Structure formats: structure tokens, C-alpha cells
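In the numbering used here, the protein residues as written are 27 to 228.
Even for Gly, the Cβ is constructed at its ideal location relative to N, Cα and C.
In this text the structure is predicted, and so the values were computed from the model without any measurement.
1. If we call anything under 8 Å between Cβ atoms a contact, is residue 124 one with residue 52?
2. Do residue 62 and residue 78 come within 8 Å of each other at the CB atom, strictly closer than that value?
3. Could you tell me if residue 22 is buried or exposed, where buried requires 16 or more neighbouring beta carbons within 10 angstroms of its beta carbon?
4. What residue does the beta strand (DSSP E) around residue 116 start on, and which one ends it?
5. For residue 81, collect the residues of the same chain with a Cβ closer than 8 Å to its Cβ; drop the 5 residues on either side in sequence, then sort them by chain order.
6. According to DSSP, simplified to helix, strand and coil, what is residue 45?
7. Considering only the beta carbon of each residue, do residue 36 and residue 74 sit closer than 8 Å?
8. Are residue 121 and residue 113 close, meaning C-beta to C-beta below 8 Å?
9. Helix, strand or coil: which one does DSSP assign to residue 70?
10. Use the C-beta contact count for residue 65: other C-beta atoms within 10 angstroms, 16 or more gives buried, fewer gives exposed.
11. Considering only residues of the same chain and omitting the five flanking positions on each side of residue 60, which have a CB-CB separation below 8 Å?
12. Do you know offhand how far residue 149's Cα is from residue 139's?
13. Can you pull the DSSP bridge partners for residue 64?
14. Helix, strand or coil for residue 120, going by three-state DSSP, please let me know.
15. Return the bridge partner residues of residue 29 from the DSSP annotation.
16. Among the residues of its own chain, which have a CB less than 8 Å from the CB of residue 100, if the five just before and after it don't count?
17. Rounded to whole angstroms, what is the Cα-Cα separation between residue 31 and residue 71?
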């Protein structure tokens, strides 16, 4: 028989409510699970009671507080918890008939407390806290305004100076722009007018 005790710490008062909810909602979906059979579970007005199967003939208290269990007992505990979590992994009833999922705000509020508890429990197995790295900003490519010889300019991304045959080909193309179309002559004239007007204003 488990029931509410007087003088219980305020932070532990909700444990009984959650345990009652587990035996009333989750345990029936896991027959033969690694927990005692429950004959009655009730929570009301901040008080609870559980009537559980007597396991004194088959089970025992592993150790007295604050001594930890033996390595063999710890391995059995881990195996039992692993089987329990494997059963409920992505179970269709989670978040519907059994429990509710935490939203992002609730997870963010609980994360610092969980991290502090993990550092206290495993101080030599966790990596030291590192400051977030400063963001690395890439330099934006510079733009160069290069005249194309037709009274207008176009912006091109600056690139390394070509060498050898590639440089000679670029020079040859700049010397021989090819045949001009009538509309290009009009555009060049408009461009020259704009350039001359700008010079006059200066």
C-alpha cells in the first residue's frame, strides 16, 4: 500500500498523482510489464493511494540509501528500463491517451535544470561547456565597373587576373568587338549623351 505521507516535500507532491495516472492509463496498455500489478489507484484533493501486488517473496531492496547498487544490479536496472522505453518508443497512444507532449517553451525551461543535474551526476563524463563560436563572415566579392567599349558599363564580379593564353584571348576580344547592330548605335548615343550631361553638371 502506497499513500500520501505527512510532511512530504512540496516538490514531491505531484509524484503520487503521476504514479496514479501511470497505473490507470499506461499500465493497462502494457500487460506483463516490468512493474507490480495494481489493484486500486486513486488521487483526489492532493492525496493519493495505490494498492499494489506484494513482491516481497520474489524481490528485495537492492541497497540502503545512500549506497549505490552493485554493478550487476545496475546492469539489470538498465536492461529493464531499456525494454520499457523500447515498448513505448513512438507508441500511437503517447500524447493522446497517455500523457502530453511538451512544447518548445516547456522544453527550453526544463533544459538548464536537466543540464545542471547531468553535470552533478556525471562531472567526469561530460564535455566542458564551451562558448558559442563567433560567426564567420565571408567577404563579399567586390564589384568592378568595366566599360565594354559601347558607351555603357556593366558590373562584373572581380576575378583574378588571367594569365598566359587566356589573357591574350581577352585582349583580342576587346580589340575586335564584332559587327554592330543599329539598336546598339542608338543605345551608345543615348549613353554618350548621359555621360556628357553628367560631365557638364560637374
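Walking through what the data contain:
1. For the purposes of this step, residue 124 is taken as residue 98 along the chain shown, with counting starting at 1. For the purposes of this step, residue 52 is taken as residue 26 along the chain shown, with counting starting at 1. A distance below 8 Å separates the beta carbons of residue 124 and residue 52.
2. Looking up residue 78 in the chain shown gives position 52. Looking up residue 62 in the chain shown gives position 36. For residue 78 and residue 62, yes; Cβs fall inside 8 Å.
3. This structure gives no information on residue 22, because the portion of the chain shown stretches from 27 to 228.
4. Mapped onto the chain shown, residue 116 falls at position 90. For residue 116, no beta strand (DSSP E) encloses it, and the DSSP letter there is neither H nor E.
5. Walking along the chain shown from the start, residue 81 turns up at place 55. Closer than 8 Å at the Cβ level, and outside the excluded window around residue 81, lie 62.
6. In the chain shown, the residue the question calls residue 45 occupies position 19. Here residue 45 carries a helix assignment [DSSP, helix/strand/coil].
7. Numbered from 1 along the chain shown, position 10 holds the residue referred to as residue 36. Numbered from 1 along the chain shown, position 48 holds the residue referred to as residue 74. Cβ distance not < 8 Å, so residue 36 and residue 74 don't count as in contact.
8. Mapped onto the chain shown, residue 121 falls at position 95. Mapped onto the chain shown, residue 113 falls at position 87. The beta carbons of residue 121 and residue 113 sit no closer together than 8 Å.
9. By one-based count along the chain shown, residue 70 stands at place 44. Residue 70: strand per DSSP, three-state reduction.
10. Translated into the one-based positions of the chain shown, residue 65 becomes position 39. Counting of Cβ neighbours within 10 angstroms places residue 65 among the exposed residues, the total staying below 16.
11. The sequence position of residue 60 within the chain shown is 34, counting from 1. Taken in chain order, the residues that qualify are 106, 109 and 110.
12. Along the chain shown, read from residue 1 onward, the residue named residue 149 stands at position 123. Along the chain shown, read from residue 1 onward, the residue named residue 139 stands at position 113. Each residue's CA atom was taken as its position, placing residue 149 and residue 139 some 15 Å apart.
13. The count along the chain shown starts at 1 and reaches residue 64 at position 38. 78.
14. Position 94 of the chain shown, counted from the first residue, corresponds to residue 120. If DSSP states are grouped into helix, strand and coil, residue 120 belongs with the strands.
15. Counted from its first residue, the chain shown places residue 29 at position 3. Beta-bridge pairing links residue 29 to 75.
16. Locating residue 100 in the chain shown gives position 74, counting from the first residue. Around residue 100: 94.
17. Here residue 31 refers to the residue found at position 5 when the chain shown is read from its first residue. Here residue 71 refers to the residue found at position 45 when the chain shown is read from its first residue. Those two C-alpha atoms are separated by around 14 Å.
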